[in-house]
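Report on the following structure.
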Amino acid sequence: RFTMCQNCRIPIQTVLFRRSLFERYGGLIETLEAHEDWGMWLKYLEHGRRITPHAPDVRRATSLFVQPAAQSDAAARMEAYRKSDADFYSDASLYFNVTLADMRRYYDDMIADMRCLEARGELHEFLEQQAKRGE
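Residue numbers (the numbering used here): 69 to 203.
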């Protein structure tokens, strides 16, 4: 949950969920121009559970997610996200509690990810990208 509060890391076509989640909490947030899937995942995370906690549930690629190659297309896409940010972040239905244990697990996972990037010689590049996010 804590990771998903930072940004949406789930391409829309990669999640399996029970129909009962959709029936009870709805689907995409259709009033948003962007982040409509992120909001849905946050609602489901509060009430669903992972098949295999802290590990991939499906260990192979089942789809491909493609970003626009043209800089102008990518910029237009990012602008749509920025316009939806205020509505998205003010939606109280997407708020939930995060426990201290959740935060600790997130922190430990983040340190493990950074150690992996450091071992591959990619930590500096990652930190530079993070420092520039939102620009």
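Beta carbons: idealized from backbone N, C-alpha and C, even for Gly.
request  = Would you grab the beta carbon distance between residue 82 and residue 174 for me? Rounded to a whole angstrom, and I think it's under 8 Å.
outcome  = Going by Cβ atoms, the distance from residue 82 to residue 174 rounds to 20 Å, so no, they are not a contact pair.
task = Measure from the alpha carbon of residue 166 to the alpha carbon of each residue in 144, 113, 95, 188, then state which is nearest.
result = 113
Rounded Cβ spacing between residue 93 and residue 115 (contact assumed at less than 8 Å) = 6 Å
inquiry  = Check this for me: beta carbons of residue 76 and residue 105, under 8 Å apart or not?
reply    = Yes. Within cutoff.
key: Through-space distance from residue 200 to residue 184, alpha-carbon basis   = 21 Å
query = Given that a residue counts as buried once 16 or more other Cβ atoms are within 10 Å of its Cβ, and exposed if not, what is residue 111?
reply = The residue in question, residue 111, is buried, as its Cβ has 16 or more Cβ neighbours within 10 Å.
request  = Could you tell me which of 172, 144, 156 sits nearest to residue 96, measuring between CA atoms?
outcome  = 156
inquiry  = Looking at residue 107: is its Cβ nearer than 8 Å to the Cβ of residue 170?
reply    = no
task = Using three-state DSSP, classify residue 81 as helix, strand or coil.
result = Note: residue 81 maps to helix in three-state DSSP.
ask   = Among 117, 102, 163, which one has its Cα closest to the Cα of residue 144?
value = 102
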